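In this note's numbering, the protein residues as written are 284 to 365.
Each remark here refers to the structure printed beneath this line.
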C-alpha cells in the first residue's frame, strides 16, 4: 500500500530546489538529485522522474513546488497509480 504522505514528501524534497516558476518538465531536471532517473518509491509504487513525467495531467507553468506536487499527486490518483 502506498503511503501518500511519504510519497508527497519525496516529491517536495526532490522538486523544491527547482527555479520556480517552472514552465516545462525540463526546468525540474537540474533540481533532481539523480536527474531524470531519480526514483520515487512507497509501498508497491515505484517510478522514476522520467516515467512520472509521462503521467502528468497538469499544465505548466507552476509558481511553486506545492502547486506542482498537488497536480502530480492528483494525476497519479486519477490514474489509480496510488
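Idealized CB from N, CA, C, for every residue including glycine.
Since the structure is predicted, the reported quantities are computational estimates derived from the model, not experimental observations.
- Within the model, the alpha-carbon separation for residue 328 versus residue 285 is close to 6 angstroms.
- Approximately 5 angstroms separates the beta-carbon atoms of residue 299 and residue 348; this is inside 8 angstroms, confirming the contact.
- Beta-bridge partners of residue 328 (DSSP): 325.
- DSSP places residue 299 outside any alpha helix (DSSP H), giving it a letter other than H or E.
- Less than 9 angstroms divides the Cβ of residue 331 from the Cβ of residue 321.
- No Cβ-Cβ contact shorter than 9 angstroms links residue 290 with residue 301.
- Shown here for residue 356: same chain residues with a beta carbon closer than 8 angstroms to its own, the five before and five after excluded, namely 287, 290, 291, 294 and 365 in chain order.
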